[in-house]
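Colleague: Take the sequence shown: its position 195, counting from 1, is numbered 197 in the numbering used here, and each next residue is one higher. C-beta: ideal position from N, C-alpha, C; glycine also.
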Amino acid sequence: MEAIEVREVTKTFGSVTAVDDLTLTVPQGSVYGFIGPNGSGKTTTMRMIVNIFYPDRGAIRVFGQDAGGESSKEIGYLPEERGLYRRMEVRALLEFHGELRGGRNVTAEVNGWLDRFDLAHCAKRRVETLSKGMSQKVQFIAAVVPEPKLLILDEPFTGLDPVSADRVRTAILDLRRRGATVILSTHDMNVAESLCDYILMIYRGRKVLDGTLESIQEQYGNDTIRVSSAGGGDVLQDLPGVEKISDLGHVQELRMSRASDPQEVLRELVTRTRVTTFSVTKPSLRDIFIRIAGHEAAEAPDA
């Protein structure tokens with residue numbers, strides 16, 4: 003049985019079609035990533051899964067049941083718009099969330115999560131006194147402390163420093179190892195590449211990619227050269243067989259045209275400068291994202 007089944011789902015808001023005939027399945031026990039430009043339909047899809055929005059057409063099933071009702075008890079949700087009871091103390095808030103959703107005393111679990119996220123010293127503080135990053139970690143704990151079978155995280159790494167982001171990443175992987183299914187949206191392609199077992203890209207409300215990173219990259223073949231050289235990006239202009247150059251700083255990515263020969267590129271390049279590294283590989287998820295989304299990708303942070 004799949005954790006989530008979305009079948010031919012469409013959702014409109016007035017004249018805007020936010021999700022257009024979307025079909026997907028999320029395997030149990032996986033980390034399933036949603037990517038796409040801002041406004042592509044990722045958050046709307048998540049909200050339909052947790053029964054905040056209802057599809058105009060199509061069906062959504064969660065652990066074999068129609069979305070809503072009993073299936074909602076199995077879901078933990080971290081929304082894109084963070085919202086906590088700001089005047090409550092942190093520990094009391096988390097215990098309230100855990101007991102409301104899980105129907106049991108969760109003090110031990112709350113204390114464990116506070117220790118794990120270095121928030122034990124904040125347990126008696128009101129939420130309104132916390133920094134943005136601390137508040138985000140508290141909201142993450144609120145989503146996971148009831149031990150949901152399905153965890154839906156909308157941009158869980160936004161606003162976190164590297165140490166806190168690494169703790170969230172480790173927590174997500176631990177939850178998966180314990181059998182939870184995780185759906186997360188992200189604008190960070192490195193997160194999607196390294197953390198997600200499966201990746202879905204939605205563009206203008208429609209599914210354009212769905213599968214493992216390897217299967218997605220396989221669709222594009224080995225059409226990318228990654229090179230670093232003494233001359234940097236300045237010496238790469240007008241190389242034979244190169245359609246596009248992406249300057250990533252110390253490394254440049256060259257997208258080859260069809261039927262071009264990477265050896266010809268290398269031969270020309272060594273006449274211009276000293277080459278430090280040169281490899282032919284599949285395109286990165288970042289490059290694939292930009293190929294599909296074009297100028298809209300520039301509007302998505304870290305895309």
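Would you kindly check if the distance between the Cβ of Thr188 and the Cβ of Phe159 is under 8 Å?
Modeller: Yes; because the gap between Cβ atoms is below 8 Å, this pair is in contact.
Colleague: If you draw a straight line from the C-alpha of Ser286 to the C-alpha of Gly235, how long is it?
Modeller: Distance between the alpha carbons of Ser286 and Gly235 is about 18 Å.
Colleague: Could you name the residues of the same chain whose beta carbon sits closer than 7 Å to that of Leu215, not counting the 5 residues immediately before and after it, in chain order?
Modeller: So the qualifying residues of the chain are Glu195, Ile201, Leu287.
Colleague: Mapping the DSSP letters down to three states, classify Thr25 as helix, strand or coil.
Modeller: Here Thr25 sits in strand by DSSP.
Colleague: Taking the straight line between their C-alpha atoms, what separation do you get for Ala232 and Arg276?
Modeller: Straight-line Cα distance between these residues: approximately 5 Å.
Colleague: Relative to the C-alpha of Asp58, which candidate in Val18, Gln67, Tyr87 has its C-alpha closest?
Modeller: The shortest C-alpha separation from Asp58 is found at Val18.
Colleague: Name the two residues that bound the continuous beta strand (DSSP E) containing Glu7.
Modeller: Counting along the chain, the beta strand (DSSP E) containing Glu7 begins and ends at 6-15.
Colleague: Is Gly234 helix, strand or coil when you go by DSSP?
Modeller: Helix.
Colleague: To the nearest angstrom, how far is it from the Cα of Ala145 to the Cα of Lys151?
Modeller: Each residue's alpha carbon lies about 11 Å from the other.
Colleague: Apart from the five residues just before and just after Pro81, which ones in its own chain have a Cβ nearer than 6 Å to its Cβ?
Modeller: Around Pro81: Asp156.
Colleague: Considering just the uninterrupted stretch of the alpha helix (DSSP H) at Ala167, what are its terminal residues?
Modeller: Ala167 -> alpha helix (DSSP H) spans 164-179.
Colleague: According to DSSP, is Met136 part of a helix, a strand, or is it coil?
Modeller: In this structure, Met136 counts as helix in the three-state DSSP scheme.
Colleague: So the beta strand (DSSP E) Phe280 belongs to, where does it begin and stop?
Modeller: Looking at the DSSP string, the run of the beta strand (DSSP E) that includes Phe280 is 277-283.
Colleague: Can you name the start and end residues of the beta strand (DSSP E) that Thr183 belongs to?
Modeller: Start and end: 183-187.
Colleague: Using a 10 Å radius around the Cβ and a threshold of 16 neighbouring Cβ atoms, would you call Pro39 buried or exposed?
Modeller: Buried.
Colleague: Is Val28 closer than 8 Å to Ile174 when the C-beta atoms are compared?
Modeller: Cβ atoms of Ile174 and Val28: not closer than 8 Å.
Colleague: Count the other CB atoms, across all protein chains shown, that sit within 10 Å of the CB of Val92; report buried if there are 16 or more and exposed otherwise.
Modeller: Buried is the call here.
Colleague: Is DSSP giving Asp117 helix, strand or coil here?
Modeller: Three-state result, Asp117: helix.
Colleague: Could you give the first and the last residue of the continuous beta strand (DSSP E) run that contains Gln254?
Modeller: Segment 254-258, the beta strand (DSSP E) holding Gln254.
Colleague: Among Arg228, Cys124, Ile154, Thr47, which one has its Cα closest to the Cα of Val33?
Modeller: It is Ile154 whose Cα lies nearest to the Cα of Val33.
Colleague: Residue range of the beta strand (DSSP E) that Glu82 falls in?
Modeller: No beta strand (DSSP E) contains Glu82, which DSSP labels as neither H nor E.
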